[in-house]
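**Student:**
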């Protein structure tokens, strides 16, 4: 099989990146574009042998990288960011072709954010410190020691941005990395390997292995030389990873599913509320943070629904490479089947589709809004991960909070209200890692990010990322006992 493929004029190596060189596999798997189903290339499919080689490369490279000064690590991370910025157009078109997200979003927001991920954690590393403190005259000094090889397993909905959200702090902390991208969107991870090599990252510090299924996943997460595992994806996969890592007590960071509520109170600016609700169709609804459960106070529910349906019907769905497109395709035929299954079962159980509710040609699903759904129904309780929202009504804050907290998830929530006091009361009672008030998807890398309940374990961002990717050490020094002959 060929060692590379060409996507929209961009050459992408389809082999693994292990120990600073390209490595082929005996087996491959096909990667298809969700835009039209065309095959993009045959990707090297790794297994236990490739997993072992990648972890060994990371283990061997770790001592030198951990000993590299903070300033030199930061310099290389900034060079990686420079390389990303030089290739934004290439990265954008490859990722759009590979996962179907909007090209305009990749150009203007996502790929610049990839570069920012490296710059932010490089700069945060240089100011990372904890003020010394005293205990009965003894000095306590806290340090962040590199932990060792890290396995990072990333999802398909925002492949490069979410990969670098993990890779950047792991490298900044002085760790080495084995990155396993999602099999449905592996291409930009390969381009990232090229960029890091050009930026001067030493061989073995970043390794990229491709594949799918337990044959590679278990081999990576159960490896005794791995010191951290970070995963973004589904709850069932997280359970398998946790079980695999448990034998070595490997620390985990898990960013999992969501079934987030978007609460609209009667005193809200309805135009703003509708804007925020329609925004939940971003990336064809394939966003873990999406507020897929619209909870609307009864006095304004009818008018809100009317305006929402009007706005949703005006969305342009089609080729994500077209500047005018608002909603692109779903990632894979299996995901499309899953989405449609949820909707058809909900309708059969009594739900009403006031917008969408059906497939379109290819891998496209019409933006959907379901009403007449019960709190305990599957469509309300389970993550669909597609352009499907539900609408329920409430009367008063207590019921709003009860409905909002009434799932096993707790990733995010959005509150739309014109009353500051109400916003403070309600947000204090919501179970969520992130709550937005009169806004959505405003993210700062210095803020903690993660989920409660089954939406995740741990937090990422700013110092929280370094707390995970490092072994924190407290050195306690006595005020006396020094040998004067040694200063």
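In this note's numbering, the protein residues as written are 54 to 540. Heads up, the beta-carbon is just placed ideally off N, CA and C, and yes, glycines get one too. Just so it is clear, the structure is predicted and the values come from calculations on it, not from any experiment.
(1) Who are the near neighbours of residue 523 in its chain, counting only those whose CB is closer than 7 Å to its CB and skipping five residues on each side?
(2) Within its chain, find whatever has a CB closer than 6 Å to the CB of residue 531; leave out the 5 residues flanking it on each side and keep chain order.
(3) Sort 418, 237, 193 by Cα distance to residue 213 and report the nearest one.
(4) How close, in whole Å, do the beta carbons of residue 338 and residue 114 come, if the pair is a contact with beta carbons under 8 Å?
(5) What residues match up with residue 308 in a beta bridge as DSSP calls it?
(6) I need the straight-line Cα distance from residue 66 to residue 193, nearest angstrom please.
(7) Using CA atoms only, rank isn't needed, just tell me which of 375, 497, 325 is closest to residue 471.
(8) What are the boundary residues of the alpha helix (DSSP H) that includes residue 219?
(9) Quick one: give me the first and last residue of the beta strand (DSSP E) that residue 148 is part of.
(10) Between residue 215 and residue 150, which are expected to be in contact by the criterion C-beta below 8 Å, what is the C-beta distance as a whole number of angstroms?
(11) Taking the DSSP output, what are the residues bridged to residue 71?
(12) To the nearest angstrom, how far is the alpha carbon of residue 515 from that of residue 411?
(13) Just verifying my parser: in three-state terms, what is the DSSP assignment at residue 107?
(14) Rounding to the nearest angstrom, what Cα-Cα distance links residue 241 and residue 82 in this structure?
(15) How would you write the range of the beta strand (DSSP E) that residue 12 sits in, first residue to last?
(16) Which residue spans inside the segment 346 to 375 form an unbroken alpha helix (DSSP H) run of at least 4?
(17) To the nearest angstrom, how far is the alpha carbon of residue 540 from that of residue 533?
(18) What number of angstroms, rounded off, separates the C-alpha of residue 305 from the C-alpha of residue 355?
(19) In the DSSP assignment, the beta strand (DSSP E) including residue 524 goes from what residue to what residue?
(20) If we count the other Cβ atoms within 10 Å of its Cβ and call it buried at 16 or more, is residue 369 buried or exposed?
(21) Start and end of the alpha helix (DSSP H) containing residue 391?
(22) Using a threshold of 7 Å, state whether the C-beta atoms of residue 442 and residue 466 are closer than that.
(23) If you reduce the DSSP assignment to three classes, tell me which class residue 95 lands in.
(24) What did DSSP end up calling residue 489 once you bin it into helix, strand or coil?
(25) Please go through the same chain and pick out, in chain order, the residues whose beta-carbon is closer than 7 Å to the beta-carbon of residue 506, but skip the five residues on each side of it.
(26) Distance, Cα to Cα, residue 345 vs residue 493?
(27) Pull up the distance between the alpha-carbon of residue 62 and that of residue 85, whole angstroms please.
(28) Indicate the three-state DSSP secondary structure (helix, strand or coil) for residue 540 in the structure shown.
(29) By the three-class DSSP mapping on this structure, what secondary structure does residue 418 have?
(30) Distance check for residue 168 and residue 134, CA to CA, integer angstroms please.
(31) Counting C-beta neighbours from all protein chains within 10 Å, is the total for residue 525 16 or more, i.e. buried, or is it exposed?
(32) For residue 206, list the residues DSSP reports as bridge partners.
(33) Which two residues bound the contiguous alpha helix (DSSP H) that contains residue 324?
**Tutor:** Let's see:
(1) For the purposes of this step, residue 523 is identified with residue 470 of the chain shown, where counting begins at 1. Counting only Cβ-Cβ distances below 7 Å, and skipping sequence neighbours, we find 197, 198, 199, 200, 226.
(2) Here residue 531 refers to the residue found at position 478 when the chain shown is read from its first residue. Here the set comprises 191.
(3) As a working note, residue 213 is residue 160 in the chain shown. Closest option to residue 213, Cα to Cα, is 237.
(4) To locate residue 338, count along the chain shown from 1; it is residue 285. To locate residue 114, count along the chain shown from 1; it is residue 61. Actually they do not touch by this definition, with Cβ atoms about 40 Å apart.
(5) As a first step, residue 308 is located in the chain shown; it is residue number 255 there, counting from the start. Note: residue 308 sits in a beta bridge opposite 285, 509.
(6) Residue 66 sits at position 13 when you count from the first residue of the chain shown. Residue 193 sits at position 140 when you count from the first residue of the chain shown. In this structure, the CA atom of residue 66 is about 49 Å from the CA atom of residue 193.
(7) Translated into the one-based positions of the chain shown, residue 471 becomes position 418. The residue with the shortest Cα to Cα distance from residue 471 is 325.
(8) The residue given as residue 219 occupies position 166 in the chain shown. Looking at the DSSP string, the run of the alpha helix (DSSP H) that includes residue 219 is 212 to 225.
(9) For the purposes of this step, residue 148 is identified with residue 95 of the chain shown, where counting begins at 1. No beta strand (DSSP E) contains residue 148, which is instead part of the alpha helix (DSSP H) from 141 to 152.
(10) Position 162 of the chain shown holds residue 215. Position 97 of the chain shown holds residue 150. 18 Å between Cβ atoms; not a contact.
(11) Taking the chain shown and counting its residues from 1, the one referred to as residue 71 is at position 18. BP columns for residue 71 point to 74.
(12) For the purposes of this step, residue 515 is taken as the residue at position 462 of the chain shown. For the purposes of this step, residue 411 is taken as the residue at position 358 of the chain shown. Using only the alpha carbons, I get a separation of about 42 Å.
(13) Numbered from 1 along the chain shown, position 54 holds the residue referred to as residue 107. Here residue 107 sits in helix by DSSP.
(14) Start at 1 with the first residue of the chain shown, and residue 241 comes out as number 188. Start at 1 with the first residue of the chain shown, and residue 82 comes out as number 29. Per the coordinates, the alpha-carbon of residue 241 lies some 16 Å from the alpha-carbon of residue 82.
(15) Lying outside 54 to 540, the shown extent of the chain, residue 12 is not represented and no answer is given.
(16) 351 to 366
(17) Along the chain shown, one-based indexing puts residue 540 at 487. Along the chain shown, one-based indexing puts residue 533 at 480. Low confidence applies to residue 540: its pLDDT is 49, below 50, so where it sits in the model is not reliable, and the reading given next is rough at best. Straight-line Cα distance between these residues: approximately 12 Å.
(18) The residue labelled residue 305 in the question sits at position 252 within the chain shown. The residue labelled residue 355 in the question sits at position 302 within the chain shown. Rounded to the nearest angstrom, the two C-alpha atoms are 45 Å apart.
(19) Start at 1 with the first residue of the chain shown, and residue 524 comes out as number 471. Looking at the DSSP string, the run of the beta strand (DSSP E) that includes residue 524 is 523 to 530.
(20) Start at 1 with the first residue of the chain shown, and residue 369 comes out as number 316. Flag for residue 369 reads exposed.
(21) For the purposes of this step, residue 391 is identified with residue 338 of the chain shown, where counting begins at 1. First-last of the alpha helix (DSSP H) with residue 391: 386 to 401.
(22) Position 389 of the chain shown, counted from the first residue, corresponds to residue 442. Position 413 of the chain shown, counted from the first residue, corresponds to residue 466. Residue 466 sits away from residue 442, with the two beta carbons spaced by 7 Å or more.
(23) Residue numbering aside, residue 95 sits at position 42 when the chain shown is read from its first letter. Strand at residue 95.
(24) By one-based count along the chain shown, residue 489 stands at place 436. Strand at residue 489.
(25) As a working note, residue 506 is residue 453 in the chain shown. Cβ neighbours of residue 506 beyond the five flanking positions: 461, 462, 463, 484.
(26) As a first step, residue 345 must be located in the chain shown, where it is residue number 292. As a first step, residue 493 must be located in the chain shown, where it is residue number 440. Each residue's alpha carbon lies about 13 Å from the other.
(27) Locating residue 62 in the chain shown gives position 9, where the first residue counts as 1. Locating residue 85 in the chain shown gives position 32, where the first residue counts as 1. Each residue's alpha carbon lies about 16 Å from the other.
(28) Numbered from its first residue, the chain shown carries residue 540 at position 487. Any answer about residue 540 is weak, because its pLDDT of 49 lies below 50 and its placement is not dependable; what the coordinates show is given next. Coil, per DSSP.
(29) Numbered from 1 along the chain shown, position 365 holds the residue referred to as residue 418. Looking at residue 418 - three-state DSSP - the assignment turns out to be strand.
(30) Within the chain shown, numbered from 1, the residue matching residue 134 stands at position 81. Within the chain shown, numbered from 1, the residue matching residue 168 stands at position 115. Distance between the alpha carbons of residue 134 and residue 168 is about 4 Å.
(31) Position 472 of the chain shown holds residue 525. Result: exposed.
(32) By one-based count along the chain shown, residue 206 stands at place 153. Beta-bridge pairing links residue 206 to 233, 284.
(33) As a first step, residue 324 is located in the chain shown; it is residue number 271 there, counting from the start. Run containing residue 324: 323 to 331, per the alpha helix (DSSP H) assignment.
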